[in-house]
Amino acid sequence: MALLLGGLAGCSSQAGGAGRSAPAGGEARPTGKVTDAVYEAAVDRFAECLAAEGIELVNEGWDPVDHEKMVLRYSAPAKSANEVGKVTTKCRTAHLDAVAAAYTEDNASLMAPDLMTAVRDCLAEKGIGLSGRERNPQDLLRAVPGGDELRTCVHASAARLYPELSTVAFP
Numbered sequence: 001m002a003l004l005l006g007g008l009a010g011c012s013s014q015a016g017g018a019g020r021s022a023p024a025g026g027e028a029r030p031t032g033k034v035t036d037a038v039y040e041a042a043v044d045r046f047a048e049c050l051a052a053e054g055i056e057l058v059n060e061g062w063d064p065v066d067h068e069k070m071v072l073r074y075s076a077p078a079k080s081a082n083e084v085g086k087v088t089t090k091c092r093t094a095h096l097d098a099v100a101a102a103y104t105e106d107n108a109s110l111m112a113p114d115l116m117t118a119v120r121d122c123l124a125e126k127g128i129g130l131s132g133r134e135r136n137p138q139d140l141l142r143a144v145p146g147g148d149e150l151r152t153c154v155h156a157s158a159a160r161l162y163p164e165l166s167t168v169a170f171p
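Residues in the sequence shown are numbered from 1 upward in steps of one, following the working numbering.
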């Protein structure tokens, strides 16, 4: 059974958030700015917790759409979806949730430069111009009314640039 973990880090960033409390039963919010390295270490602890329960975590790297979370999926062929869900929730709460929430508070959302360029080019081909100041999904959503063409361009560009990713999420 291969499943995808979604929404680990939330959907929006608010730089400079302070003092968010930990989820029930989880780690306290880390002190200081939560860097990529701190987030990656939390993902490693999450993976170790899952492995101890017979679940393999596959880390596909940082989400190129917003760099707010890592694209994670897991495999546990010998376990039911219910068992996997319970273990995943336990391990995520213990090792990742507080760090992920703090990461999105401390770091601005930023689309990978190659993906932003491809999205701009795709939109231009559809007659939709951008200012060139867009840096993240929220900027793009404000700049492109309606959003259907935008979603199509983001998904098509991401699939072309990152064929190894199991999923691409865009609002």
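All C-beta atoms, glycine included, are put in the ideal place defined by N, C-alpha and C.
Query, Result
"Quick check on DSSP: helix, strand or coil for Ser131?", "coil"
"Measuring alpha carbon to alpha carbon, tell me which residue in His67, Gly147 and Ala52 is nearest Glu105.", "His67"
"Between Ala112 and the rest of its own chain, which residues show a CB-CB distance below 6 Å, the 5 nearest in sequence each way excluded?", "Pro64"
"Along the alpha helix (DSSP H) that carries Glu53, what are the first and last residues, could you check?", "Here Glu53 belongs to no alpha helix (DSSP H), and DSSP marks it neither H nor E."
"Let me make sure I understand the geometry here. Which of Thr93, Asn82, Thr152 and Ala42 has the alpha-carbon closest to that of Met70?", "Ala42"
"Just to check my reading of the structure: Ala189 and Leu161 have Cβ atoms closer than 8 Å, yes? What is that Cβ distance to the nearest angstrom?", "The chain is shown from 1 up to 171; residue 189 falls before or after that span and cannot be answered."
"From the DSSP output, read off the bridge partner residues of Ala70.", "A quick correction: the sequence has Met, not Ala, at residue 70. Bridge partners of Met70: Trp62."
"Jot down the residue ranges of each uninterrupted alpha helix (DSSP H) in the stretch 81-131, minimum 4 residues, whole runs only, in chain order.", "81-95, 97-106 and 113-125"
"Counting only the same chain and skipping the five closest in sequence on each side, list residues whose C-beta sits under 6 Å from that of Ala203.", "Nothing in the structure corresponds to residue 203, since the chain is present only between 1 and 171."
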